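Working notes for the structure below.
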Amino acid sequence: MAVTTIILLFIALIILMLFSAYTSASEVAFFALKPVDLEQLNESGSANDKLVLKLTSQPDRLLSTILITNDLVNMGTVLVASTLLSMLVDMESNPVLSFILETVLLTFLLLLFGENIPKIFAANYTLKFARFSARIMYVLEKILYPFSWLLVKPVARVNKVEHSGRNLTMDELSQAYEITSDSIDEDKDILEGIIKFSDIDAAAAMTPRVDVVAVEDCLSFADVIKVINDSAYSRMPVYHETLDNIAGVLYVKDLIAHIEEEDFNWLSVVRKAYFVPQSKRINSLLEDFKQNKTHMAIVVDEFGGTAGIITMEDVMEEIVGDIDDEHDDTEHLYVKLNDNSYLCEGKLLLNDMYKIDGIERRDFDKICGEADTLAGLILEMQGEIPPQETKIEHKNYTFKIVSADSRRIKTVKVTINKPEEKEDENPAGK
Numbered sequence: 001m002a003v004t005t006i007i008l009l010f011i012a013l014i015i016l017m018l019f020s021a022y023t024s025a026s027e028v029a030f031f032a033l034k035p036v037d038l039e040q041l042n043e044s045g046s047a048n049d050k051l052v053l054k055l056t057s058q059p060d061r062l063l064s065t066i067l068i069t070n071d072l073v074n075m076g077t078v079l080v081a082s083t084l085l086s087m088l089v090d091m092e093s094n095p096v097l098s099f100i101l102e103t104v105l106l107t108f109l110l111l112l113f114g115e116n117i118p119k120i121f122a123a124n125y126t127l128k129f130a131r132f133s134a135r136i137m138y139v140l141e142k143i144l145y146p147f148s149w150l151l152v153k154p155v156a157r158v159n160k161v162e163h164s165g166r167n168l169t170m171d172e173l174s175q176a177y178e179i180t181s182d183s184i185d186e187d188k189d190i191l192e193g194i195i196k197f198s199d200i201d202a203a204a205a206m207t208p209r210v211d212v213v214a215v216e217d218c219l220s221f222a223d224v225i226k227v228i229n230d231s232a233y234s235r236m237p238v239y240h241e242t243l244d245n246i247a248g249v250l251y252v253k254d255l256i257a258h259i260e261e262e263d264f265n266w267l268s269v270v271r272k273a274y275f276v277p278q279s280k281r282i283n284s285l286l287e288d289f290k291q292n293k294t295h296m297a298i299v300v301d302e303f304g305g306t307a308g309i310i311t312m313e314d315v316m317e318e319i320v321g322d323i324d325d326e327h328d329d330t331e332h333l334y335v336k337l338n339d340n341s342y343l344c345e346g347k348l349l350l351n352d353m354y355k356i357d358g359i360e361r362r363d364f365d366k367i368c369g370e371a372d373t374l375a376g377l378i379l380e381m382q383g384e385i386p387p388q389e390t391k392i393e394h395k396n397y398t399f400k401i402v403s404a405d406s407r408r409i410k411t412v413k414v415t416i417n418k419p420e421e422k423e424d425e426n427p428a429g430k
């Protein structure tokens, strides 16, 4: 009887350890999914992929389910292991051995096989494991809903409370700047930009009226396309008769679907313009850009006339310094390595990348978001700045991060794969 009990307890211990590994791996898999993974799940339309999307749409509830399951499993593991050890070893007469086996060894095994190994595995196969885990996790979520609800509700209340932590003052930031004499010049410039940020108005950061490239609402579609090609801007103001009468803002990407139509009414896709006074502080303007989901504003003077335009890039340049923009020289921003590989700068405009033979704009329309550059596209796909050597697969393209730091993606190798030449997949990059 004792032997049978020991065998059953040993089997139960293995099952509990496997389930502990499963919950730990599930936590990493679900919460490490990239935007490109979610796009792939959405396009798939399979029942299992829809289940993954449903679970990730309520992250608080999913996380509480995983944590509750993991805690219950680990508690069960400790109880079963303690019972099993007490049947195999005389714990009362060997307190030191009891401590080593029940505390040190069991903790080590739980951390190794229940935490570290499964999490490393899931980090390398996030999408595959999320798909594998979805059905079981969905059942657990339903079973544990009453308990997870008790955890989620207080957290939701806390999240609604505005941040009450003490904010750094400008004086404190200034003191920080003064003691950074040994820091890198670039870092000091950024800190100085942050300190001065709230004192800069739109008039100081804008592109003045004389330098604004705009299109008149009476132009034909062909003339508009010519202006776009000549200027290489991705968005520009539209005016009626005079620049003081701005009718809206034209986004080049809104014209892509109609590029083959000779007589397309391009005014139908003109978006509403956002106007700000010259005195508008750019820290407040940055918040407005986020809320209105726009990247450009028309700056007006005290008489209501157009003084210039200001973009998200203009605002960010006040912090980080000059950024190569749409009218900078794009020569040498990419080099052809062979028939299907190119070494590209992160600041390469997407419009210029699409001119490379074999790269199709339509392959990226759904995932590029508001990105204008190759680096921005990578950020849209990954949700973060990936480390060097990371490979990102999208359709028949491979993007390999050649050079990057903590703030920006510098160089990317772009490979246009033929079916038989596709590079080995790196699951961590997906």
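Counting along the sequence shown from 1, when you hit position 356 you're at 356 in the UniProt record's numbering, and nothing is skipped either side.
Ideal Cβ positions, reconstructed from N, Cα and C, are used throughout, including at glycine.
Computed from a predicted structure; not experimentally measured.
Counted as a single uninterrupted DSSP element, the beta strand (DSSP E) harbouring T415 occupies residues 409-416. As far as DSSP is concerned, D211 takes part in no beta bridge.
Proximity of the segment 32-50 to the segment 364-382 meets the contact definition, three or more beta-carbon pairs being nearer than 8 Å. Shown here for F289: same chain residues with a beta carbon closer than 8 Å to its own, the five before and five after excluded, namely H295, A297, M312, V315 in chain order. Going by DSSP, T242 is part of the beta strand (DSSP E) stretching over 242-251. Linking T306 to A134 through their CA atoms gives a straight-line distance of about 55 Å. Residue environment for L333: buried (at least 16 other C-beta atoms within 10 angstroms of its C-beta).
Residue pairing by DSSP puts F275 in a beta bridge opposite I298. Under the DSSP definition of a beta bridge, P35 lacks any partner.
The Cβ-Cβ distance between L16 and T77 falls below 8 Å. Under the three-state reduction of DSSP output, G76 falls in the helix class. Residue burial is scored here from C-beta neighbours: T390 has at least 16 other C-beta atoms within 10 angstroms and is therefore classed as buried. The alpha-carbon separation between K272 and L144 amounts to approximately 48 Å. Closest by C-alpha distance to T69, out of L84, A21, S220, is A21.
Between the alpha carbons of S82 and L106 lies a distance of about 9 Å. When the alpha-carbon of A47 is set against those of N74, S279, F132, the nearest one is in F132.
Pairing K410 with I401, the inter-Cα distance amounts to about 8 Å. One alpha carbon belongs to F31, the other to L219, and they sit about 49 Å apart. Here DSSP, grouped into helix, strand and coil, assigns T390 to coil.
By the criterion of a C-beta distance shorter than 6 Å, D244 is surrounded in its chain by G305, T306, once the five residues flanking it on both sides are discounted.
By the Cβ neighbour-count rule, A257 is exposed, with fewer than 16 other Cβ atoms within 10 Å of its own.
Per DSSP, the unbroken beta strand (DSSP E) holding E345 starts and ends at 341-345. In this structure, I378 keeps its C-beta atom at 8 Å or more from the C-beta atom of I356. Taking the C-beta atoms as reference points, V52 is found nearer than 8 Å to L41. If you draw a straight line from the Cα of R362 to the Cα of K226, it is about 21 Å long. The three-state secondary structure of L337, taken from DSSP, is strand. In this structure D49 is buried. Its beta-carbon is surrounded by 16 or more other beta-carbon atoms within 10 angstroms. Of the other Cβ atoms in all chains shown, 16 or more fall within 10 Å of the Cβ of I282; this residue is therefore buried.
In the three-state scheme derived from DSSP, where H, G and I count as helix and E and B as strand, E102 is classed as helix.
Counting every other CB atom within 10 Å of its CB across the protein chains shown gives K280 a total of 16 or more, marking it as buried. When the alpha-carbon of Y397 is set against those of P387, F121, K413, T5, the nearest one is in K413. Using a Cβ distance threshold of 8 Å, L350 and T373 count as a contacting pair.
Residue nearest to H394 within the set K418, P387, R407 is K418 (criterion: CA-CA distance). Comparing alpha carbon positions, the residue from R61, D217, E39 closest to N265 is D217. Within its own chain, the residues whose Cβ lies closer than 7 Å to the Cβ of G308, once the five positions on either side in sequence are excluded, are M206, T207, P208, R209, V212, V299, listed in chain order.
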